[in-house]
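The number in this note's numbering is simply the position in the sequence shown, starting from 1, with 364 added. Positions of the beta carbon are idealized from the N, C-alpha and C atoms, including for glycine. Note sheet for the following structure.
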Amino acid sequence: MAVLVFAATIGVGACLLFQVQFILGKQILPWFGGAPAVWTTCMLFFQVLLLAGYGYAHLLGRSPSPLRQRNIHLGMLLLALALLLVRVLLWPSPITPSDEWKPGPDDLPSLAILGLLLFTIGLPFLVLSSTGPLLQAWYARCFPGASPYRLYALSNLGSLLGLLSYPFLLEPALSVTDQGWVWSAGFVVFVVGCAGAAVLVGRTEPATTRGASEAEAPAADAPPPTVAERALWLVLAMVASVMLLAVTSQISLEVAVIPFLWMLPLALYLLSFVLCFEYEGSYRRGLWIPLLLLGAGGTTVVILEGVGVPMLVQLVTYLSVLLFACMVCHGELVRRKPAPRYLTSFYLLVSAGGAAGGVFTGLVAPATFLGLWELPLALVAACVLALALGLFGGPTPRLHRVRMSAAWVGGAYLVVLAVMLGRDAVDDLSDNVHVSRGFFGVLRVDEDEDLDGEERMRLRHGRIIHGLQYTDPELALEPTSYYGPGSGVGLAIGTHPRRKAGEPMTLGFVGLGAGTLACYVFEGDHARFYEIDPDVVALSSGSSPLFTYLRDARGEVEVAIGDARINLEREPPRGFDVLALDAFSSDAIPTHLLTVEAMELYLEHLRDADSLIAVHISNRYLDLEPVVQGLAEELGLAVIRIDDDHEDERVFSSDWMLLATQPGAFEGVRALADPAELAPKQGEWPLWTDTYSNLVQVLK
């Protein structure tokens, strides 16, 4: 029974530890524009706080009195519980902050996220993260001779359960607020379990202290880990952490920023922990090191090929190489685990390595790198470690020559991969007139000529073109790329009754890009762009902008920096004649801009029954038509689809959907185009809300 108390408490704590990351990540994701860096920053926070928890457990574990340890830790648990109880009166749930905590336009996203998480879940997460190693130390005192590493594997199984339960159980069934209540109830159960374990420690202290001393006598003779061994623990954990975050970021950028795709890499990361610590025979160098090298080669091909690789192939490749790298790193950690007396210092350094990887990926890399180079660097580092440990980590002289030959072959292979990745990074920088990296991604501006010899500037966000402009003044205000006169947005503005009558129009554009839509702002018009990325705005601002659409617009143009939904929620009704949503052409789409609640907000900002909402649904991997149709059906809106198949050097093919409160608003569009009439199909369309969205349903 006593063993069950320890096992259940550690399992529940580990489950809660990971569930809360998804709950809060899900809630604050739309507050910061649905950017992939939101989850990376969340992971940075949780890894650093995990380190703090392990440090607290390590310091507390140095106390010779288990009773003193018990009393201090129970006090921390009760303090965290009291904090949650106070928030019952202030927030929708004890861990989900109210809308007043949404960021302002001048807030730095990374700092805002870190501060919000610290205030929201800092103390409860700290005690949760410290309880695992602390209870394992108590377990070793209560049960001399029993391996505490089994509890470490159980902790990872609990974490895996927390991961899998969120996207498959909690997220589909409960709102974020309800999830917060369920988690808080689980935290109460966890505190009760900790109290039970503390009682056991108090009852068995005299006997177990003697038993532990006798059991630990042989271990006391074991030499302490050397500085080199401790450094290797740190490095192995850091490389695995960087691989986890880099792969997660890559997947988010290529597909979407949703908890399910956050879960997959983290689940594989934890699975490698469980396999390596619970089933030590599962890690064999002869299997996993070659797999890592092969996976690195496949990943290199995917990175270099870019958009030419199908999404499913990208997912499988990235996730596979992550598993291979984590198996190598965590398998080597298990081979080097110390005697039980050095248990907490081992966990502390492993956690420090994870936190160092989070700091590198979440803060250092975005501030110093101009491209997404974390994954290539982590790949090379993991392969170098694997080759070095495979060569020097074995004691058998008979295999030394075989190891040397394999190391030479693997080293040459690795050099080729590193050169290929390095050349790609250098070419990426040299081929652009502007490169910048910020919280919301990497922006590149290049200059080329079309087939007619006309020079133009092109803006890329990641791998997607987000607009272009010709440098010839006579062509500078010509609509280009996805926004030609025959596109959905071009027709919506050009055929509007106010445009035909020569009356001024009020236009709203969600997403700035190169600013091409400013071409449709005529004298007397007023246009308001909503752009979350200040770096994008900077390209069209100042005395010498790279893109001059805003500067040269014939009407009045302004830009609101920040998430469009948050800005629109805080503004009075704008009375837009046309509101264009142009934020979904990237691989990672902000799903919070295509929910029922978002569409209801857009409708509040329209002028009258002639007003239109234009949604740009061009996307390589996702078919967003069913989502928009579902919104139209739910809210009783008329909807048509405009496919502009005209494509040349200046205008790209594009897919748009137009929505209105009454079908008569489309009369002007129908006179110039042949839109697809989308008849209602009751129950056949997915319906996205702020608490539910499923991208799997709309994969092409």
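Classification of residue i by the beta-carbon crowding that lies within 10 angstroms, buried from 16 upward
i, result
"phenylalanine 483", "exposed"
"proline 461", "buried"
"threonine 732", "exposed"
"alanine 978", "buried"
"glutamate 618", "buried"
"serine 429", "exposed"
"valine 790", "exposed"
"arginine 787", "exposed"
"alanine 891", "buried"
"alanine 501", "buried"
"proline 937", "exposed"
"leucine 668", "exposed"
"proline 588", "exposed"
"serine 493", "buried"
"phenylalanine 940", "buried"
"valine 907", "Correcting the residue type first, residue 907 is serine in the shown sequence and not valine. Classification of serine 907: exposed, given that the 10 Å Cβ count is below 16."
"glutamate 535", "buried"
"alanine 549", "exposed"
"proline 1027", "exposed"
"threonine 590", "exposed"
"arginine 426", "exposed"
"phenylalanine 873", "buried"
"tyrosine 643", "exposed"
Beta bridge counterpart(s) of residue i as assigned by DSSP
i, result
"histidine 825", "Leu807, Ile828"
"threonine 460", "Ser457"
"tyrosine 1056", "Thr1053"
"glycine 802", "Gly805"
"arginine 820", "Asp812, Tyr834"
"alanine 660", "According to DSSP, alanine 660 bridges with nothing at all."
"alanine 1040", "Arg1005"
"leucine 1063", "Leu986"
Residues of its chain near residue i, where Cβ-Cβ distance is below 8 angstroms and the 5 sequence neighbours each way are ignored
i, result
"glutamate 964", "Leu999"
"leucine 478", "Thr405, Leu408, Phe409"
"valine 638", "Ala517, Asn520, Leu521, Leu524"
"leucine 487", "Met440, Leu443, Ala444, Leu447"
"leucine 422", "For the record, residue 422 in the displayed sequence is histidine; it is not leucine. Within the same chain, histidine 422 has close Cβ partners Pro497, Thr708, Ser709, Tyr711, Leu712."
"valine 748", "Leu778"
Collapsed DSSP secondary structure at residue i in the structure displayed
i, result
"glutamate 1031", "helix"
"valine 603", "helix"
"glutamine 833", "strand"
"leucine 751", "helix"
"threonine 681", "helix"
"isoleucine 1004", "strand"
"leucine 318", "Look at the range of the chain in this structure, 365 to 1064, and you will see that residue 318 is not part of it."
"alanine 716", "helix"
"aspartate 1019", "strand"
"leucine 841", "coil"
"alanine 1024", "strand"
"leucine 518", "helix"
"glutamate 669", "helix"
"glutamate 642", "helix"
"glutamate 1048", "coil"
"tyrosine 647", "coil"
"arginine 705", "helix"
"glutamate 578", "Its pLDDT being 41, under 50, glutamate 578 is placed unreliably in this model, and the coordinates cannot settle the point."
"threonine 1084", "The requested residue 1084 does not occur in the structure, where the chain is confined to residues 365 to 1064."
Proximal residues to residue i (C-beta, below 7 angstroms), its chain only, five neighbours per side dropped
i, result
"leucine 855", "Ile1006, Val1033, Leu1036, Ala1037"
"phenylalanine 688", "Trp652, Leu655, Leu656, Gly659"
Residues of its chain near residue i, where Cβ-Cβ distance is below 6 angstroms and the 5 sequence neighbours each way are ignored
i, result
"isoleucine 930", "Lys466"
"alanine 882", "Tyr913, Leu914, Ala917, Val921"
"glycine 526", "Cys379, Phe382, Gln383"
"tyrosine 966", "Leu943, Ile977"
"methionine 602", "Gly717, Ala720, Gly721"
"serine 904", "Gly879, Phe911, Leu914"
"valine 555", "Leu441, Leu445"
"arginine 824", "Arg808"
"glutamate 813", "Glu819"
"valine 402", "Leu393, Phe396"
- Message: For a minimum of 3 consecutive residues, which ranges assigned as the beta strand (DSSP E) are wholly contained in the region 378-428?
- Response: none
- Identify every run of the alpha helix (DSSP H) within the region 953-997, keeping only runs that are complete inside it and at least 4 residues long; order them along the chain. 960-968
- Quick one: which unbroken alpha helix (DSSP H) runs of 4-plus residues sit fully inside the region 865-894? Chain order, please. none
- Message: Ignoring anything shorter than 4 residues, give me the alpha helix (DSSP H) runs that lie fully in the region 897-950, in order along the chain.
- Response: 898-903, 913-916, 928-934
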